[in-house]
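Take any residue in the sequence shown, count from 1 to its spot, add 18: that is its number in our numbering.
We put the beta carbon where it would ideally sit given N, CA and C, even for glycine.
The structure appears right after this line, and notes come after that.
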Amino acid sequence: MQRSFKGVEKEVHIHEDFGILSKSSIAIVGGTGRMGRMLARLFKGCGGKIIVCSRNFQKAEAASKLLGVAAGDLSAVKEADITIVSVPVGSVVEVTSQVATEMKRGLVMEVSSVKVGVVDKLSSKIPPRLEYLSIHPLFGPRVRGFKGKSVAVIKVREGPLTNAVLKYMERKGLNLVETSAGAHDEKMAVVQVMHHYALLCLGAALANFEPLELTKFSTTLFKTTLAQLKRMAKNLSVVLEIQERNLYGPKTKEKFLMMADFLRQIDKEKRGKIEKWLVKLNKA
Numbered sequence: 019m020q021r022s023f024k025g026v027e028k029e030v031h032i033h034e035d036f037g038i039l040s041k042s043s044i045a046i047v048g049g050t051g052r053m054g055r056m057l058a059r060l061f062k063g064c065g066g067k068i069i070v071c072s073r074n075f076q077k078a079e080a081a082s083k084l085l086g087v088a089a090g091d092l093s094a095v096k097e098a099d100i101t102i103v104s105v106p107v108g109s110v111v112e113v114t115s116q117v118a119t120e121m122k123r124g125l126v127m128e129v130s131s132v133k134v135g136v137v138d139k140l141s142s143k144i145p146p147r148l149e150y151l152s153i154h155p156l157f158g159p160r161v162r163g164f165k166g167k168s169v170a171v172i173k174v175r176e177g178p179l180t181n182a183v184l185k186y187m188e189r190k191g192l193n194l195v196e197t198s199a200g201a202h203d204e205k206m207a208v209v210q211v212m213h214h215y216a217l218l219c220l221g222a223a224l225a226n227f228e229p230l231e232l233t234k235f236s237t238t239l240f241k242t243t244l245a246q247l248k249r250m251a252k253n254l255s256v257v258l259e260i261q262e263r264n265l266y267g268p269k270t271k272e273k274f275l276m277m278a279d280f281l282r283q284i285d286k287e288k289r290g291k292i293e294k295w296l297v298k299l300n301k302a
């Protein structure tokens with residue numbers, strides 16, 4: 019089957035479970051950003067019309083040509099069946115609520131790495147005529163494929179488009195982790211906040227030891243750690259925003275600091291505990 023939008027041709031393979039998407043237009047607000055472009059790639063195969071939206075139409079047009087989809091400004095959401103908002107977490111509530119008031123029908127989705135303070139506020143701001151789905155891809159935008167990757171989903175206000183989107187994502191090989199705003203943020207306080215905090219502390223400490231000299235003596239594991247720090251530095255604003263906004267973060271950081279202090283001196287007894295902890299992690 020061939021579909022053409024604004025001169026863009028593509029072959030579409032539509033599965034019966036998400037056939038409704040083939041008749042839908044999907045506007046991605048913030049579609050010129052890395053996550054927005056990744057979402058355009060994800061949904062491109064559903065058969066619907068994908069529109070990369072931005073306040074700057076020239077940026078949207080440039081991104082759309084690279085992705086092989088359509089371009090639009092923010093007014094495109096007025097006629098969209100599905101609108102996905104992919105903006106910095108500090109702007110999610112404002113932008114999503116604005117978008118939702120413009121939409122005539124369908125499903126509004128937001129992508130955010132912090133849910134408490136987002137889902138609860140938007141639940142009352144999004145008009146009842148719209149479905150509402152909150153997601154958090156648990157992987158970065160640089161991925162080449164989606165099979166085996168996980169997405170946290172909060173089905174706030176379900177309907178046919180929500181179900182079609184979720185079935186489509188499963189069809190693409192994604193693992194859907196259904197959760198609530200509070201449960202999501204509790205887990206992310208460990209997986210993101212504490213993890214990133216440990217790396218930030220390590221990076222800050224390493225900066226005091228002439229990093230260029232250290233690289234001459236790098237082990238394989240140290241090179242892997244440096245690569246992680248460099249990737250995090252490229253996305254530092256997002257990392258720091260999560261540190262600030264996750265309400266469960268302070269508690270997990272305190273646990274990390276307590277453990278670091280406990281392990282300041284490692285004796286025989288503590289070595290035994292470390293071994294037990296690592297065995298426990300290996301079973302995960």
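As the crow flies, the alpha-carbon of L224 is around 46 Å from that of C64. Under the DSSP assignment, T101 falls in the beta strand (DSSP E) whose first and last residues are 100-103. Collapsing the DSSP output to three states places S131 in coil. Going by DSSP, I144 is part of no alpha helix (DSSP H) at all; its letter is neither H nor E.
By the neighbour-count definition (other C-beta atoms within 10 Å, threshold 16), P155 is a buried residue.
Restricting attention to P268, K301, T119, V209, the CA atom closest to the CA of L148 is found in T119.
Distance check between G267 and each of G54, V132, A302 places V132 closest, using alpha-carbon atoms only. Within the same chain, G48, V113 come within 6 Å of V105 by CB-CB distance, once the 5 residues on both sides are set aside.
Counting along the chain, the unbroken beta strand (DSSP E) around K67 starts and ends at 67-71. Note on geometry: alpha-carbon atoms of V111 and A302 lie some 35 Å from one another.
Between the region 160-168 and the region 186-195 there are three or more C-beta pairs closer than 8 Å, enough to call the two in contact.
When DSSP states are grouped into helix, strand and coil, V161 belongs to the coil group. In this structure A94 is buried. Its beta-carbon is surrounded by 16 or more other beta-carbon atoms within 10 angstroms.
Contact between the region 227-245 and the region 201-213 is not established, with fewer than three Cβ pairs separated by less than 8 Å. Cβ neighbours of L125 within its own chain (closer than 8 Å, five residues either side excluded): D99, I100, T101, L148, E149, Y150, L151, G177, L179, T180, V183. Annotation: the continuous alpha helix (DSSP H) that includes N181 extends over 178-189. In the DSSP assignment, S255 falls within the unbroken alpha helix (DSSP H) covering 254-263. Buried is the label assigned to D203, since at least 16 other Cβ atoms lie within 10 Å of its Cβ.
Taking 7 Å as the cut-off, the Cβ atoms of V70 and A80 do not count as close.
Distances from the alpha-carbon of D91 to those of L217, V107, I46, F61 put I46 closest.
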